[in-house]
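Start counting the sequence shown at 1476; every next residue gets the next number (this note's numbering).
Ideal placement from N, C-alpha and C gives every residue a C-beta, glycine not left out.
Here is the structure we will look at.
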Amino acid sequence: MGIVHYIARRYFFSRKGKGAVHVLSLVSMLGVMAGTTALFVVLAAFSGLENFIMEARSAMDPALQLSPAKGKRFVINADTLAAIQKTEGVKQASRTLAEKVFLQYGDKNCVVWAKGVDSLYSQVNPIDSAVHIGSFPSDFSADVVVVGSGVANRLMLNPNDPYKPIYMQVPRPGKGQISNLEGAFYEATAYPTGIFVMGDEIDGQYVITPLRFLQGLLHYRRGDISAVELALEPNASDSAVKERLEKRLGKSVVVKTRKEQQAAFYKIMNTENAAAYFIFGLILIIATFGVAASLIALIIEKRENLQTLQNLGLQLGKIKRIIICEGLLVSLIGGLIGMLIGMGLILAQKRFHWIYIRSSFSAIPYPLALRLSDGLIVAATVLFLGLVCSVVASLGLNKKFLEN
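Right under this line is the structure:
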């Protein structure tokens, strides 16, 4: 062990000093510890919330989605669909169609997105597991509908009355003014078979119907769809499969990964994450000011010792490094204890579920996620701030100070 590290360690672990310097050093370490804990827990909260939302949306957003480069819909023939399914990494493919529709149930009504799906849809997106009341359709030739819990609340839908229909309407395509309201809409009747719960954003905006039913409501051809949704093999890379499909299908089809489908969501989450990091990072910066203050007090207290070291031939640069190492010890030990406390709080929340997210249908424990990247960010932040404060504190240590 070098003399620089040895002396810094002796200054840190020495119990002889019980005065203001010792107290100030302890307080500064506690400040770093508290700031590190707060930053680590907040980053874990954002990571957990992101994982939770993405898991909830995975029942609606596929691993890969194929959509037309132009227009709202396109036709995928049997040969093209077979070629897609044979692509390396693709497990299953499902055809879907989405359109906004007007719903009426009794005297209640609302506008939602209707998503028409084929019989393979549940093998691509596990929507059937999200149906908490009733069941997912097994007969895709029937005129049935599964609604989100938010839509069910707005319509005051009674799941125990399967014989009361939901009326669906969409505007007829055309130009000019509407002269006859009765003929301005296509209409169809569907019977509710279940209610799904996947998060407020989805539950309040979507209903699921058989593809054939929605095509009939919109007066589309049987081959008209708005997307092909894909499930991938367990070890398949979405970016690699995307590249293979783009080469095979050309520029007429747009292939998007799940993250690309939710680009706006990821942008918002990244912005909020960055804002939280800077806010709690500022708290950590303020806490590390105490490290600089404790180092300045240490320099003043140990002035005679430092003069002796210089007289014995220790270079000024190495004396400064003693102070820098002392500051890093305070920061790193405080940061390490803070990360351990934060990890304990995260694991305790996972185990005992102290905090819940509540909705009208359920209450779930607030999700927290331990990520290596979050730990590295916090550790790097503590190390950087500790180094900066230590260097700043050591600037006042010069030959003039030691000689006087």
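**Report entry** Helix, strand or coil at Leu-1632 according to DSSP, with G and I counted as helix
**Finding:** coil
Requested in this report: Compare the C-alpha of Thr-1732 against each of Leu-1724, Asp-1713, Leu-1720, Ile-1743 and name the closest.
Outcome: Asp-1713
Query raised in the report: Who are the near neighbours of Ala-1605 in its chain, counting only those whose CB is closer than 8 Å to its CB and skipping five residues on each side?
Result: Ala-1534, Phe-1671, Val-1672, Met-1673
Query - 7 Å CB neighbourhood of Leu-1803 in its chain, flanking five on each side removed - result: Gly-1861, Leu-1862, Ser-1865
Query raised in the report: How many Å lie between Phe-1753 and Thr-1763 at the Cα?
Result: 15 Å
Requested in this report: Under the assumption that Leu-1689 contacts Gly-1591 (Cβ atoms under 8 Å), give the Cβ distance between them as a whole number of angstroms.
Outcome: 3 Å
Report task. Identify whether Tyr-1638 lies in helix, strand or coil by the three-state DSSP scheme. Result -> coil
Query raised in the report: Looking at Thr-1512 and Gly-1882, is the spacing between their C-beta atoms short of 7 Å?
Result: Outside the modelled stretch of the chain, which goes from 1476 to 1879, sits residue 1882, for which no answer is possible.
Query - Distance, Gly-1625 Cα to Ala-1531 Cα - result: 15 Å
Report task. Name, in chain order, the residues that DSSP records as bridge partners for Pro-1884. Result -> This structure leaves residue 1884 out entirely; the chain is present only between 1476 and 1879.
Report task. Label Thr-1783 either buried or exposed according to how many other C-beta atoms from any shown protein chain fall within 10 Å of its C-beta, with 16 as the threshold for buried. Result -> exposed
Query raised in the report: Relative to the alpha-carbon of Ser-1613, which residue among Ala-1663, Thr-1668, Val-1576 has its alpha-carbon at the smallest distance?
Result: Thr-1668
Query raised in the report: For Asn-1659 versus Met-1643, is the C-beta distance shorter than 7 Å?
Result: Position check: residue 1659 holds Ala in this sequence, whereas Asn was assumed. No, Cβ-Cβ distance for Ala-1659 and Met-1643 is not below 7 Å.
**Report entry** Inter-residue Cα distance where the pair is Arg-1548 and Ile-1812
**Finding:** 56 Å
Query raised in the report: By how many angstroms is the C-alpha of Tyr-1661 removed from the C-alpha of Arg-1696?
Result: 15 Å
Query raised in the report: Where do the N-terminal and C-terminal ends of the beta strand (DSSP E) with Ile-1670 fall, by residue?
Result: 1660–1671
**Report entry** Same chain only: Cβ atoms within 6 Å of Arg-1490, ignoring 5 sequence neighbours per side
**Finding:** Residue placement at Arg-1490 cannot be trusted, given a pLDDT of 48 that sits under 50; the coordinates are not used to answer.
Query - Sequence-distant residues of the same chain with beta carbon closer than 8 Å to Lys-1726, five excluded per side - result: Ala-1544
Query raised in the report: Three or more beta-carbon pairs under 8 Å between the segment 1587–1603 and the segment 1565–1577, yes or no?
Result: yes
Query - Helix, strand or coil at Asn-1526 [DSSP, three-state] - result: helix
Query raised in the report: Would you say Gly-1809 and Met-1529 are within 7 Å of each other, going by their C-beta atoms?
Result: no
Query raised in the report: Under the DSSP definition of a beta bridge, which residues are partnered with Lys-1777?
Result: Lys-1777 pairs with nothing; no bridge assigned.
Query - Residues of its chain near Ala-1711, where Cβ-Cβ distance is below 6 Å and the 5 sequence neighbours each way are ignored - result: Gly-1564
Query - Length of the line joining the Cα atoms of Thr-1684 and Val-1621 - result: 7 Å
Report task. List the whole-angstrom C-beta distance separating Glu-1574 from Leu-1693, where the pair is believed to meet the contact cut-off of C-beta under 8 Å. Result -> 6 Å
Query raised in the report: Looking only at C-alpha atoms, which of Cys-1800, Leu-1872, Gly-1871, Ala-1823 sits nearest to Ala-1483?
Result: Cys-1800
Report task. Please look up how many angstroms separate the CB atoms of Asp-1618 and Tyr-1666, rounded, as I've assumed it's under 8 Å. Result -> 7 Å
Report task. Look at Ala-1519 and Ile-1852 and say whether their C-beta atoms are less than 7 Å apart. Result -> no
Query - Collapsed DSSP secondary structure at His-1607 in the structure displayed - result: strand
**Report entry** Sequence-distant residues of its chain with Cβ nearer than 7 Å to Asp-1593 (five each side left out)
**Finding:** Ser-1569, Arg-1570, Phe-1615, Leu-1686
Report task. Determine which residues share a DSSP beta bridge with Ala-1483 and list them. Result -> In the DSSP output, where bridge partners are listed per residue, Ala-1483 has none listed.
Query - Element boundaries [alpha helix (DSSP H), containing Ser-1865] - result: 1847–1869
Query raised in the report: DSSP on Gln-1567, reduced to helix/strand/coil?
Result: strand
Requested in this report: Measure the C-alpha to C-alpha separation of Phe-1521 and Gly-1792 and round it to an integer number of angstroms.
Outcome: 43 Å
Requested in this report: Would you decide whether Met-1631 is buried or exposed? Buried here means 16 or more other CB atoms lie within 10 Å of its CB.
Outcome: exposed
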